[in-house]
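Asks:
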Ligand SMILES: CC(C)(COP(=O)(O)OP(=O)(O)OC[C@H]1O[C@@H](n2cnc3c(N)ncnc32)[C@H](O)[C@@H]1OP(=O)(O)O)[C@@H](O)C(=O)NCCC(=O)NCCS
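Residue numbers (this note's numbering): 302 to 456.
Written as structure tokens, this is what we have:
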């Protein structure tokens, strides 16, 4: 789908059913994160296959290795189809601070602005700075949203 010759990462739509995904899922679980386990469960159970309007699941490949994952869903915590949600973002520890999280989320943002009026996420505290760096606004007092990007007219 899109390549990045500077860093050697290649982003593609993907299905989380191959050994490269299993390896990344295992790494995330050992680190105490559950987003890729939930991604695999939702896929296997047929609850979330990123098939609704605007939805997509992206993987970032570094050679044969899956280095990062990020999904875009219709936000299940809001009614209607106008809210998008960043889901299941995870970058392998050895690829962090290399611009890959930015490339993944900016790919999701570019797509989300074509389909949704806002893009929500619920981030762990340690990722707040990351989302704010990318232009998300912190949100207070909402159970399911810590950060939001509102797509303005023409932007
Ligand atoms: C959060 C995460 C996706 C960031 O990925 P990454 O590839 O390291 O991020 P990048 O290198 O693209 O960083 C993009 C920008 O955010 C900044 N940044 C990255 N991580 C940050 C952090 N933890 N705190 C503050 N700023 C951060 C970078 O300095 C960079 O700034 P710049 O582009 O202006 O120089 C990654 O650390 C991760 O997968 N963490 C574990 C899982 C997790 O928290 N997922 C989020 C679930 S919502």
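Ideal Cβ placement from N, Cα and C applies to all residues, glycine included.
Please name the residue or residues paired with residue 392 in a DSSP beta bridge.
Replies: 369
Asks: Look at the alpha carbon of residue 321 and the alpha carbon of residue 415, and state the distance between them as a whole number of angstroms.
Replies: 30 Å
Asks: Within 7 Å: the Cβ of residue 382 and any heavy atom of ligand 2?
Replies: The model depicted lacks ligand 2 and carries ligand 1 instead.
Asks: Quick one: is residue 376 buried, meaning 16 or more other Cβ sit within 10 Å of its Cβ, or exposed?
Replies: So residue 376 ends up on the buried side.
Asks: Rounded to the nearest angstrom, what separates residue 439 and residue 447 at their Cα positions?
Replies: C-alpha separation (whole angstroms): 6 Å.
Asks: Check for me: the alpha helix (DSSP H) holding residue 412 runs from which residue to which?
Replies: 401-416
Asks: Can we count residue 392 as close to ligand 1, meaning its CB is less than 7 Å from some heavy atom?
Replies: yes
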